[in-house]
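Remarks on the structure that follows.
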Amino acid sequence: MSLARRLAMCAIWAAVVVAVLVGLALVFSPYLFAELSASLEPHAIVDPAKPDLGAGRMVDDYWAVQNIDANTYALGEPRYYQANYAYLIVGGRRALLFDAGSGTRAITGVVTSLTHLPVTVMPSHLHFDHTGGIAPFMSVAMIDLPDIRADVTNGRLTPSRYEYLGMIDGLVPPTFSVTEWVKPGTTIDLGGRVLRVLHVPGHTQLSRSV
Numbered sequence: 014m015s016l017a018r019r020l021a022m023c024a025i026w027a028a029v030v031v032a033v034l035v036g037l038a039l040v041f042s043p044y045l046f047a048e049l050s051a052s053l054e055p056h057a058i059v060d061p062a063k064p065d066l067g068a069g070r071m072v073d074d075y076w077a078v079q080n081i082d083a084n085t086y087a088l089g090e091p092r093y094y095q096a097n098y099a100y101l102i103v104g105g106r107r108a109l110l111f112d113a114g115s116g117t118r119a120i121t122g123v124v125t126s127l128t129h130l131p132v133t134v135m136p137s138h139l140h141f142d143h144t145g146g147i148a149p150f151m152s153v154a155m156i157d158l159p160d161i162r163a164d165v166t167n168g169r170l171t172p173s174r175y176e177y178l179g180m181i182d183g184l185v186p187p188t189f190s191v192t193e194w195v196k197p198g199t200t201i202d203l204g205g206r207v208l209r210v211l212h213v214p215g216h217t218q219l220s221r222s223v
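If you're matching positions, the sequence shown starts at 14 in this note's numbering and goes up one per residue.
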């Protein structure tokens, strides 16, 4: 084989190797970033400064509440570095808490200050900042999808490592019982208030909205 032909073959193989490496980087980069993010983007979990709320009121030194209407509340964590909001939707017989907060501070106290009805929590998705506070709740609803059912062992659900992403803040995925499975497109009756559950992939493959 001539030198020119050997050089051409080497160039082709080099291009193939580069293409494979680029492909692998694209496939695994979200996982690699998640694993390294704590080191790449160090952050304080809770801001010590007093938050400047655009709307609503602080109910203690951590939680904010905004009344959306007489029976719907936005529960905010303005000092938490991701500034999450959960939503408490109150019906005549029970209430639905859409997302459980980050778990940095327990959400149960602010919830019970707003309603004495039984509360079912339903996470929008399984990331740590939306399910970190789920453990204290005895009633948990989940959208009924095969990938979520696959996380259930012996009747209890544990999000997978990359569904939860808790390694960003050094957190371990919680394990909890699901008391209510809700098919996409079906409804949750809170008593005089009916919510329709929509499956809306986007932020994560398994994201959903109520």
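Cβ atoms here follow ideal geometry from the backbone N, Cα and C, with glycine treated the same way.
#1: Give the DSSP bridge partners of I201, in chain order.
#2: Taking one C-beta from the segment 80 to 91 and one from the segment 176 to 183 each time, how about it: are there three or more such pairs within less than 8 Å?
#3: Could you check the C-alpha separation between T200 and G89 for me, to the nearest Å?
#4: Could you pull the DSSP bridge partners for E193 from this structure?
#5: Kindly indicate which residue of H56, E193, L101 and A87 has the alpha-carbon position closest to the one of G67.
#6: Near R174, which residues of its chain fall below 6 Å by C-beta distance, leaving aside the five closest residues on each side in sequence?
#7: Does R92 pass the burial test, meaning 16 or more other C-beta atoms within 10 Å, or should it be called exposed?
#8: Mark T117 as exposed unless 16 or more other C-beta atoms lie within 10 angstroms of its C-beta, in which case mark it buried.
#9: Count the CB pairs spanning the segment 99 to 110 and the segment 128 to 141 that are closer than 8 Å, and state whether there are at least three.
#10: Can you find a heavy atom of the ligand MG that lies under 8 Å from the Cβ of V132?
The relevant details are as follows:
#1: L208
#2: no
#3: 26 Å
#4: A154
#5: A87
#6: none
#7: buried
#8: buried
#9: yes
#10: Among the components modelled here there is no ligand, and therefore nothing to report on the ligand MG.
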